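Trainee: Following this message is one structure expressed as structure tokens.
Number of protein chains: 2
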Amino acid sequence: MSANSAAIHALRKAGKDFSWEATPRLPYKEEGAAPFKAISRQTLFSDPRMAGELRYFEIAPGGYSTLERHAHMHGVVVLRGGGQCLIGTAVHTIKPHDLVTIEPWTWHQFRADTTTPLGFLCLVNAERDRPLMPNEEELAALRRHPAVREFLDGG
Amino acid sequence: MSANSAAIHALRKAGKDFSWEATPRLPYKEEGAAPFKAISRQTLFSDPRMAGELRYFEIAPGGYSTLERHAHMHGVVVLRGGGQCLIGTAVHTIKPHDLVTIEPWTWHQFRADTTTPLGFLCLVNAERDRPLMPNEEELAALRRHPAVREFLDGG
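Chains A and B, in that order, are what the protein sequence lines are. If you read the first sequence in our numbering, its first letter stands for residue 1353, the second for the next number, and so on. If you read the second sequence in our numbering, its first letter stands for residue 1353, the second for the next number, and so on.
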């Protein structure tokens, strides 16, 4: 047992379908806290002695993460399947091992393809601010970009 | 261009063989600084606004990283191929998507199989101490474990 009373496993073997030993599949966020669909979260590395955390998110076919922004950054490594992400006002198609950098205060949302899941690692600071969702005005401004509107409406 | 004068790419597409756009393959360490063999480093995420860094290391068949320890921790996600790692006095066989946690001051070394490379992501604090290599006494103590001796001698 470690000082922080959680057992530290030197090795957690990967199982089927992006599961890992001693690494529960959790809800993405508290239900009702924000709009999202069909997405789970596994915390791969989080320790008080590490300044960064690494999480694995998986979005089921047709699902999406919350459209949000915040002061902290994200570093994303796609691991599974395919989909699209909105970064600022650009929509990118992403596939395994592509890298996505989300700079501070940049709107972002991930969306899985309709036929395949989208799984990705996300690096984030352990100490971070809470995400903000767009207000009506901000959302209207985003939707004035045709590619963004198409993405927001489901691709 | 960002404030820190390096271009930030929102998307860096994965290329062949675990290469990425705008992400050079670098030497693992300065040549001659420590014992290692046939290993490269690609820094996937490193930014003054992020407290953690994510690097991709790839060890060619038969190669190995430096045997070392330090105060900072590592969180490792295997991405490619296979091999073994020494963590403390335990030797683990590792394959893609296995997770390895290296706690502070734990001896560790990675070794690729003789017929396949070993590629892995490594999460680390941006601010960290320098690794130490074992002295003669520490190395002798490690080598008293038969499995460790076998690993150190090349598996």
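Built from N, CA and C at the ideal position, the CB exists for glycine as well. This structure is a prediction, so every number in the text was calculated from the model and none was measured.
Sort out for me which residues DSSP pairs ALA1464 of chain B with in a bridge.
Mentor: Position 112 of the second sequence holds residue 1464 of chain B. Answer is B:GLY1435.
Trainee: Thinking just about the alpha-carbon of each residue, which of A:SER1371, A:GLU1479, A:PRO1486 is nearest to the one in GLY1440 of chain A?
Mentor: Counted from its first residue, the first sequence places residue 1440 of chain A at position 88. Out of A:SER1371, A:GLU1479, A:PRO1486, A:PRO1486 has the C-alpha closest to the C-alpha of GLY1440 of chain A.
Trainee: Please determine if the stretch 1379 to 1386 of chain A and the stretch 1465 to 1472 of chain B are in contact, where contact requires at least 3 C-beta pairs separated by less than 8 Å.
Mentor: Judged by Cβ distances under 8 Å, the stretch 1379 to 1386 of chain A makes no contact with the stretch 1465 to 1472 of chain B, as fewer than three pairs qualify.
Trainee: Could you tell me the boundaries of the beta strand (DSSP E) in which GLU1410 of chain A lies?
Mentor: Counting from 1 along the first sequence, the entry for residue 1410 of chain A is found at position 58. Note, GLU1410 of chain A: beta strand (DSSP E), 1404 to 1416.
Trainee: Could you tell me which chain A residues have their CB closer than 9 Å to the CB of GLY1506 of chain B, listed as they occur along the chain?
Mentor: In the second sequence, residue 1506 of chain B corresponds to position 154, counting from 1. Chain A residues near GLY1506 of chain B: none, gap ~21 Å exceeds 9 Å.
Trainee: Using a Cβ-Cβ cut-off of less than 7 Å, give me the residues of the stretch 1371 to 1385 of chain B that come near chain A, in sequence order.
Mentor: If the cut-off is 7 Å between Cβ atoms, the stretch 1371 to 1385 of chain B has TRP1372 near chain A.
Trainee: Where does VAL1500 of chain A fall in DSSP's three states?
Mentor: Residue 1500 of chain A sits at position 148 when you count from the first residue of the first sequence. Residue state, collapsed to three classes: helix.
Trainee: Report, in whole angstroms, the separation of the C-beta atoms of TRP1459 of chain B and LEU1419 of chain B, which I expect to be a contact under 8 Å.
Mentor: Counting from one through the second sequence, the residue named residue 1459 of chain B turns up at place 107. Counting from one through the second sequence, the residue named residue 1419 of chain B turns up at place 67. That pair is a contact at about 6 Å.
Trainee: Below 8 Å CB to CB, which residues in the same chain sit around HIS1449 of chain A once its five sequence neighbours on both sides are set aside?
Mentor: Residue 1449 of chain A sits at position 97 when you count from the first residue of the first sequence. The answer, listed in chain order, is VAL1429, VAL1430, LEU1431.
Trainee: Is the stretch 1407 to 1418 of chain A touching the stretch 1468 to 1482 of chain A in the sense that three or more CB pairs, one from each, lie closer than 8 Å?
Mentor: Yes, the stretch 1468 to 1482 of chain A is in contact with the stretch 1407 to 1418 of chain A.
Trainee: Could you check how far apart the C-beta atoms of ALA1362 of chain B and THR1445 of chain A are, in whole angstroms? I think they sit under 8 Å.
Mentor: Residue 1362 of chain B sits at position 10 when you count from the first residue of the second sequence. Residue 1445 of chain A sits at position 93 when you count from the first residue of the first sequence. ALA1362 of chain B to THR1445 of chain A, Cβ: 13 Å. No contact.
Trainee: By the three-class DSSP mapping on this structure, what secondary structure does GLU1373 of chain B have?
Mentor: Residue mapping note: residue 1373 of chain B aligns to position 21 of the second sequence, counting from 1. Coil, per DSSP.
Trainee: Grab me the residues of LYS1389 of chain A's own chain with a C-beta within less than 6 Å of its C-beta, minus the 5 sequence neighbours each way, in chain order.
Mentor: On the first sequence, position 37 is the one that residue 1389 of chain A refers to. GLY1415, TYR1416.
Trainee: TRP1372 of chain A: buried (16+ other C-beta within 10 angstroms of its C-beta) or exposed?
Mentor: On the first sequence, position 20 is the one that residue 1372 of chain A refers to. Under this definition TRP1372 of chain A is a buried residue.
Trainee: Can you tell me whether DSSP reads ALA1390 of chain B as helix, strand or coil?
Mentor: Start at 1 with the first residue of the second sequence, and residue 1390 of chain B comes out as number 38. ALA1390 of chain B: strand per DSSP, three-state reduction.
Trainee: Across which residues does DSSP place THR1395 of chain B in a beta bridge pair?
Mentor: By 1-based counting over the second sequence, the position of residue 1395 of chain B is 43. Partner(s): B:ARG1407.
Trainee: Which class does ALA1442 of chain A belong to by DSSP, given the choice of helix, strand or coil?
Mentor: As a position in the first sequence, residue 1442 of chain A is number 90, starting the count at 1. Three-state DSSP puts ALA1442 of chain A in a strand.
Trainee: Can the beta-carbon of ARG1377 of chain A be found closer than 8 Å to that of MET1425 of chain B?
Mentor: Position 25 of the first sequence, counting from 1, holds the residue named residue 1377 of chain A. Position 73 of the second sequence, counting from 1, holds the residue named residue 1425 of chain B. No, the Cβ-Cβ distance between ARG1377 of chain A and MET1425 of chain B is not below 8 Å.
Trainee: Can you have a look at ALA1359 of chain B and say buried or exposed, based on whether 16 or more other CB atoms are within 10 angstroms of its CB?
Mentor: To locate residue 1359 of chain B, count along the second sequence from 1; it is residue 7. With fewer than 16 Cβ atoms within 10 Å of its Cβ, ALA1359 of chain B is classed as exposed.
Trainee: Exposed or buried, which one is ALA1403 of chain A when buried takes at least 16 other CB atoms within 10 Å?
Mentor: Position 51 of the first sequence, counted from the first residue, corresponds to residue 1403 of chain A. Buried.
Trainee: Using CA coordinates, which residue listed in A:ALA1386, A:ALA1385, A:LYS1368, A:LEU1406 is at the minimum distance from ASN1477 of chain B?
Mentor: To locate residue 1477 of chain B, count along the second sequence from 1; it is residue 125. The shortest Cα separation from ASN1477 of chain B among A:ALA1386, A:ALA1385, A:LYS1368, A:LEU1406 belongs to A:LEU1406.
Trainee: Can the beta-carbon of CYS1437 of chain B be found less than 8 Å from the beta-carbon of PHE1409 of chain B?
Mentor: Translated into positions along the second sequence, residue 1437 of chain B becomes position 85. Translated into positions along the second sequence, residue 1409 of chain B becomes position 57. Not in contact: CYS1437 of chain B and PHE1409 of chain B (Cβ atoms no closer than 8 Å).
Trainee: Of all the CB atoms in chain B, is at least one closer than 8 Å to the CB of GLY1435 of chain A?
Mentor: To locate residue 1435 of chain A, count along the first sequence from 1; it is residue 83. It does not: the Cβ of GLY1435 of chain A has no partner Cβ on chain B nearer than 8 Å.
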